[in-house]
Amino acid sequence: MSLFLGPMHHFIPGHKDLTDKKEILHVSPSKEVYIPLAAGANMDLEVLVQEGDKVEIGTKLAVTRSGFYVPIYSSVSGFYRGLKKRMSASLKPIDHMVIELSEVQNKIQALKPLDYVSASHEECVEQVKQAGIVGLGGAGFPAYIKYQKTDGMDCVIINAVECEPYITADYAHTMQNVSRLVLGCEILKKMANVANVYIAIKKTHPDWIQAVESQLQSKDGISVRPVPDVYPMGWERVLVREILHKEYDRLPGEAGAIISNASTAMAVADAFEDGDAIYQKTVTVSGDGIKEPHNIVCPVGTPVSELIEACQGYTSDSVRLIAGGPMMGKTIVNDQFVVDRATNAITVLKHVPDDEIACLRCGRCSDHCPSGLQPVRIAMAVKMGNADEMEKRGALSCIECGLCTYVCPSHIDVTENVRKAKRIVSLKKKKA
Amino acid sequence: MKFNFHVSPSLRGHLTTQKIMAELTLGLLLLFCLSCYYYATTYGSAYLLHVILLLVSSLVTMVICESIFAKIYKKNPIEYLKTSFGWVTSIILTLMVPATMTCYALIVATIFAIVFGKLLFGGFGQNIFNPAGVGRAVIFAAFTGAAANGITTGATPTTTLANSFNWLPATSEALDSFLNQFGGFGNLALGFYDGALGETFTIAILLIGVWFAVRKIIDWRVPVVYLGSIFIMTAIVALLSGIDAYHGIPGFIWYPCLHMVTGGIAFGAVFMLTDPVTSPTSAQGRVIFALGAAIITVLLRLKANLPEGCLYSILLMNMFTPMIENALDGKQLDIKKKAYVISLCLGIIGLAITFYASSSIEPVTSVEPSSNTAYITQEAGL
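Line order of the protein sequences matches chains S and D. So that you can map any letter, position 10 of the first sequence is 9 in numbering that gives the first Met the number 0, and since no number is skipped, the others follow by simple counting. So that you can map any letter, position 201 of the second sequence is 200 in numbering that gives the first Met the number 0, and since no number is skipped, the others follow by simple counting.
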């Protein structure tokens, strides 16, 4: 906090205790899984199997035709039953590959394990690429891209912050096998060709910090960096600001940092050690709208309704079902969507009616914006319909973290106003 | 089973505008009670009744004005009142007038504050000027002579300081003769003197300010920058005009302190400048806003005919608010430098004003206690 700037972050009660110490449930889908035929925003994929084919865990099902190379592997053993349009967590109906489960589940190696110590940099990157690992922090961007060109990189930051309330999936997943996480860090350290790896964990998770540190005794250059329990601590820009005390314009690479999620590091270690692609996910199902919050391990493609059942159902007749955390996750209007590779949480909150009143111009949104934007001013530009002003006021730098709406005492959907501004500015840019 | 759609984020913080306003009201009422205590113990229950009557008449006027507007806009008056927060304006306005004010004048001022100061701009959140400030300015302009029957009080320190001492008692004798009238520094700081109802008890106001700042009801930057700048500027004035030490306390310490404890700047700093509706939204903007107000306050106090400068400095800076906001549009990290430059320029202007003031004001070295004690007591106040 300084005279000329607000804190640029804010504490949000995490409610992590709902799930973090609880036993992890294993859910296997009742009949079918539906694997989304998409790699991030890319829907242009070629299906490699025929209807009726027998597939195993680790069978390559599809691969991208254009854009970044991303393969998709089967998460279960069974029979491929063709494509079906279903609602996805991105709010759009997209094609899903339907796989009917067989009685016995077999796993085959999706790819050959690789010894990272003897392998070259290119081989390592290729291994991650072939494993189809996408960033598991939520964005779903292919993980290998960041490690292709590593000139000028100083460090890798492993993001184990989980700043969204309710989510404990990374905690539950990594605590199962901390040495895997450390192995992943070592592999990423080699892939990035850097001397230092910082694992960012919230100060409020001392057990996690201690568990990781106990595995780091003889590991040079890998260290835990405890970070404050504020939101959005897990955003790259805030992490770089906190750990490296640097600002950058567009990508963290400008500050010499590559940032990967803790679960991504685990997935990388799995790919090198066992030759596994991501076939199952740890998902936090939590919130005040769910009876028995739990962390659940399930195959990719499991319908959310089955996870909800495993958690004894809803507590209220009117809920908000959110794919992801309550801050950045989107509400989905049915529970038929499935767990994808980048899904780390399903949050269910009791629905509360909106009670917006007039803006009192208190400036809390501007004080807390981690991008240093002035959401209230952007909202005014939206009201005036002035696209030039929206751009000048930096609307495009918004990552929609939602903190402005959270802190607004007048209960205005501030983030939505900025989102409108983003749409208007990008539309105008497209036209020009 | 209903799955509701909601734009992200789906979670909200606990702080609401209603809670902020409730706490603000609590602070204001506390101050009002302290003021009631002073008038009741010093002048008796007739004064106490009159003071309470003032607040009630202002509140009733506010309710009537807002209800009529709610009816015009076809809204439920009670719901409208709940989110319009007019009572805050009423209480602040009441606290800004002296006990001698007639209810009639205060009612007219309240109408101006609520209707012309706020509702005509579009209601809460839309107004450009601090509504209570507008109401107080109306009293300044139209009701300087309005005094309630049978309610008289003594001269206020602000008017005495302005009229007899040019705001610049230069020797310890001059200061003594001033302080003797009002019971010394301690009494001034504790608010045991006549003036506007709520703005005399500096220590209480500052404590409430700390409470508000800690609870994030107000932005700490505004009062800190405002009072800090006034302190520094008046300290420079003291140095430049060679004010004597007072019982060993050097002039550049006691003179700024004198400014702090007299008149309404503490009240203005905590309750009026911090009004979020009429000040800039960004931290940078608020710093510049408070700095500008401090400069105008010092200039008006030392050089203008008015005894006080706080009110007009607030209203003038309210006008600058849109301009400050436009100048500071963009990403805050990128425009920080611009904010520094603007503050620096304002600092230089402030310094120039202190030079001008200290070279053009005749310091008062010795003064007979003035005979015009009852003179314009109504002009006391911000």
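Don't be surprised by glycine CBs; every beta carbon is placed ideally from N, CA and C.
- With contact defined as three or more Cβ pairs closer than 8 Å, the segment 266-279 of chain S and the segment 321-329 of chain S are not in contact.
- In chain order, Ile217, Pro222, Ala265, Ala268, Val269 place their CB closer than 8 Å to the CB of D/Gly208, counting only its own chain and leaving out the 5 sequence neighbours on each side.
- Looking at the DSSP output, S/Cys154 bridges to S/Asn195, S/Ala256.
- Neighbours of S/Ser396 across chain D, judged by C-beta separation under 9 Å: Lys330.
- Boundaries of the beta strand (DSSP E) around S/Asn294: 293-298.
- For the segment 246-264 of chain S, the residues whose beta carbon sits under 8 Å from a beta carbon of chain D are, in order, Glu246.
- Contact between D/Phe191 and D/Leu30 fails: their C-beta atoms lie close to 15 Å from each other, not under 8 Å.
- Between the segment 7-26 of chain D and the segment 70-80 of chain D there are fewer than three C-beta pairs closer than 8 Å, too few to call the two in contact.
- Put simply, of D/Gly262, D/Ala195, D/Leu205 the residue whose alpha carbon is nearest the alpha carbon of D/Ile91 is D/Ala195.
- Going by C-alpha positions, D/Ser83 is about 41 Å away from S/Thr167.
- The C-beta of S/Glu415 comes closer than 9 Å to at least one C-beta of chain D.
- Contact check for S/Asn195 and S/Gly233: beta-carbon distance about 19 Å, past the 8 Å limit, so the pair fails to qualify.
- In the three-state scheme derived from DSSP, where H, G and I count as helix and E and B as strand, D/Gly183 is classed as helix.
- Of all C-beta pairs linking the segment 126-134 of chain S to the segment 75-90 of chain S, fewer than three are shorter than 8 Å, placing the two stretches out of contact.
- With a cutoff of 9 Å on beta-carbon distance, D/Thr159 and D/Phe181 are scored as near each other.
- Restricting attention to S/Cys368, S/Val296, S/Ala378, S/Val284, the CA atom closest to the CA of S/Asp334 is found in S/Val284.
- The alpha helix (DSSP H) runs of length 4 or more contained entirely in the segment 221-253 of chain S are, from start to end of the chain, 235-242.
- Under DSSP, S/Glu99 takes part in a beta bridge, and its partners are S/Glu31, S/Phe78.
- Between S/Ser76 and chain D, the shortest Cβ-Cβ separation is not below 9 Å.
- Each residue's CA atom was taken as its position, placing S/Met96 and S/Glu235 some 33 Å apart.
- Within the segment 165-216 of chain S, complete beta strand (DSSP E) segments of at least 3 residues are found at 195-201, given in chain order.
- Per DSSP, the beta bridge partners of S/Lys59 are S/Tyr72.
- Looking only at S/Gly39, S/Gln147, S/Ser213, S/Asp339, the smallest Cα-Cα distance to S/Ser119 is reached by S/Gln147.
- Note that the C-beta distance between D/Val297 and D/Ser163 is not below 9 Å.
- In this structure, the straight-line span from the alpha carbon of D/Thr155 to that of D/Asp274 is close to 26 Å.
- Residue-level contact check: D/Thr15 touches chain S, since one or more beta carbons of chain S fall below 9 Å from its beta carbon.
- Ranked by Cα distance from D/Lys117, the first of D/Ala203, D/Trp210, D/Asn129, D/Ile287 is D/Asn129.
- According to the DSSP secondary-structure assignment, S/Gln279 is paired through a beta bridge with S/Pro298.
- For D/Arg135, the closest of D/Ile252, D/Leu226, D/Ala293, D/Leu94 by C-alpha to C-alpha distance is D/Leu94.
- The C-beta of S/Glu31 has 16 or more other C-beta atoms within 10 Å across all chains shown, which makes the residue buried.
- At a cut-off of 9 Å, the C-beta of S/Pro302 has no neighbouring C-beta in chain D.
- Below 8 Å, enough C-beta pairs join the segment 276-294 of chain D and the segment 223-231 of chain D to call them touching: three or more.
- Residues Ala282, Arg285, Val286, Ala289 of the same chain have their beta carbon placed closer than 8 Å to that of D/Arg220, with the five preceding and five following residues left out of the count.
- For S/Ala322, the enclosing beta strand (DSSP E) stretches over residues 317-322.
- The alpha helix (DSSP H) runs of length 4 or more contained entirely in the segment 129-178 of chain D are, from start to end of the chain, 130-141, 156-164.
- Residues of chain D whose Cβ lies closer than 7 Å to the Cβ of S/Arg376 are, in chain order, Thr280, Glu324, Asp328.
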